[in-house]
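Notes for the one structure printed next.
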Amino acid sequence: MNKLLLLLLLPALAFSKSFLISSIPLPKTYIMNVDPYECDEDCMQNYLDKGMIFSFLAHAQSKLSDEKLDEMRVMNMAILNVGSQQISSAKVRIALLLPYRIIGKYAPSTTNAAFAYLMTKTQPFELKSYKIESESEEDLRTALSKIQDDDFDFVVAPLTQNGANNMAKIDPKIFVYIPTINKKDVNTNSSYLHYGGIDYRAQTDELLAEAASPLAIFYDDSTIGTKLALYEEGTFQNNASGRANRTVKYSVPSKTTNLKNYLDKNYKIANGSFFINTPVVKTGMIMSQITLYDVKYKNILSTQINYDPLLLSMTQINDRKRMIVANSITGNTNVLVETNAVLSNDIVYDWINYTTTVGIDYFFNRMTNEDREYNLPMVNNQILYQIELLQPSYSRFVPFGSDL
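Those letters in the sequence shown? Residues 1 to 404, per this note's numbering, in order.
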């Protein structure tokens with residue numbers, strides 16, 4: 001079964017690449033049901049077990065009550081680009097606004113996330129990218145004008161903080177979803193601008209409930225690292241419990257590899273908590289040296305920044321056994337995960353690809369009135385995500401409090 005699916009994926013991959021650079025839409029495959037006999041879900045499962053994909057799809061024309069069987073229906077329809085006679089032919093049209101020089105790898109990966117989602121649906125769609133050199137107001141205005149001239153009503157724009165600020169100044173009269181920025185970080189009341197960025201402050205609040213004084217805050221010189229360090233310091237010191245909480249902040253330069261001066265025999269951080277706001281490679285180095293210098297501590301805390309499987313291979317279990325990581329990537333379906341995987345795209349750990357998918361889902365619902373895949377509310381033009389606290393165990397992240 002898996003081998004057959006892999007073979008069938010090859011033409012889909014070829015088509016997927018050509019679609020994004022061509023105005024010619026993908027040809028749809030239609031499967032006629034010539035079987036004179038009824039086929040219930042047990043019968044359909046039998047077709048699947050035998051690898052008879054087209055016989056299965058000939059009978060599975062609509063949503064099935066068996067969740068796993070329906071996942072196979074949707075996944076195979078996406079892979080084979082199977083059209084449905086039961087769906088409206090109205091085309092779903094979404095524009096992608098991509099400052100490709102600035103966002104780097106996220107130009108193709110957010111495109112793939114949007115494409116993968118739409119591939120799982122039976123509606124015809126048009127996904128068109130508009131590349132811009134910078135995030136200046138001028139470049140954004142020019143691109144938005146072109147998008148509107150092309151009659152697009154919905155835009156997905158993975159912008160940086162600077163780009164989001166400029167977009168808010170423009171206040172466009174077209175629906176724009178920014179998956180990279182949380183609305184708390186932008187000053188706007190526009191009804192057209194929607195945001196999907198992870199709420200790092202809300203994650204921090206959840207984590208600080210598990211913190212002990214003194215709180216040692218490690219961060220780098222990135223925008224997010226600096227912001228989080230300031231927020232953690234202020235929130236922990238001004239807590240509502242009335243405790244006299246102490247904090248110690250350490251900025252760790254990118255080239256620094258020896259943390260002896262920070263950790264060895266440092267009474268200021270003894271028996272407290274660590275809050276680490278650095279990328280996963282730097283985090284792994286910090287955690288291994290906490291163990292090396294035998295620092296006594298309660299726990300190690302981190303936000304979405306370090307929800308990364310690389311952490312599991314970079315550190316020893318003893319380094320991370322008391323670590324707690326906040327995560328807001330929830331509710332993915334197997335169909336969406338696997339369809340993204342076909343395009344070498346990750347929505348399980350990469351939060352920008354995930355929030356892009358959530359935004360496409362939101363726009364798709366608005367355009368078609370189909371049920372959403374993600375049960376995440378849009379409140380005051382910001383997607384609200386669930387927050388779960390996890391622990392990195394031997395080979396995966398498990399719920400906080402689980403036995404490692």
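Where is the CB? At the ideal position from N, CA and C, for every residue including glycine.
- Taking 8 Å as the upper bound for CB-CB distance, residue 179 and residue 163 are not in contact here, some 12 Å apart.
- Take residue 365, set aside five residues on each side of it, and the residues of its chain with a beta-carbon closer than 8 Å to its own are 371, 372, in chain order.
- For residue 332, same chain residues with a beta-carbon under 7 Å away, outside a window of 5 residues either side, are 347, 348 in chain order.
- As summarised for the region 166 to 236, the continuous alpha helix (DSSP H) elements at least 4 residues long and confined to that stretch are 200 to 208, given in chain order.
- For residue 126, the uninterrupted beta strand (DSSP E) run begins and ends at 125 to 131, by DSSP.
- Assigned with DSSP and collapsed to three states, residue 134 falls in coil, not helix or strand.
- Across the set 367, 68, 310, 402, the C-alpha of 367 shows the shortest separation from the C-alpha of residue 90.
- As summarised for the region 357 to 382, there are no continuous alpha helix (DSSP H) elements at least 4 residues long confined to that stretch.
- Between residue 260 and residue 293, the beta carbon gap of about 7 Å places them in contact (Cβ cut-off 8 Å).
- Residue burial is scored here from C-beta neighbours: residue 73 has at least 16 other C-beta atoms within 10 angstroms and is therefore classed as buried.
- By the CB criterion at 8 Å, residue 144 and residue 124 fall outside the cutoff.
- The DSSP-derived three-state label of residue 307 is coil.
- Here residue 209 is exposed: its Cβ has fewer than 16 other Cβ atoms, across all protein chains shown, within 10 Å.
- Secondary structure of residue 52 (DSSP, three-state): coil.
- Distance from the CA atom of residue 311 to the CA atom of residue 141, rounded to whole angstroms, is 41 Å.
- In the assembly as shown, residue 253 is an exposed residue. Its beta-carbon has fewer than 16 other beta-carbons within 10 Å.
- Here residue 323 is bridged, per DSSP, to 300.
- Taking a 10 Å sphere around the C-beta of residue 255, we find fewer than 16 other C-beta atoms and assign the residue as exposed.
- The alpha-carbon of residue 116 is positioned some 5 Å away from that of residue 340.
- The region 223 to 238 and the region 283 to 292 do not touch, with fewer than three beta-carbon pairs separated by less than 8 Å.
- When beta bridges are read from the DSSP output, residue 250 appears opposite 218.
- Comparing C-alpha distances from residue 386 to each of 394, 369, 396, 358 shows the shortest one belongs to 358.
- Spanning the alpha carbons of residue 200 and residue 69 requires a straight line of approximately 37 Å.
- Residue 280 places its beta carbon less than 8 Å from that of residue 314.
- Going by DSSP, residue 61 is part of no alpha helix (DSSP H) at all; its letter is neither H nor E.
- Residue 214 and residue 247 do touch by the CB rule: their CB atoms are close to 7 Å apart, below 8 Å.
- Counting only residues of its own chain and dropping the five nearest sequence neighbours on each side, residue 284 has a CB closer than 7 Å to the CB of 311, 314, 315.
- A straight line joining the alpha-carbon of residue 401 with that of residue 391 spans about 8 Å.
- Closest option to residue 245, judged by alpha-carbon separation, among 363, 272, 338: 272.
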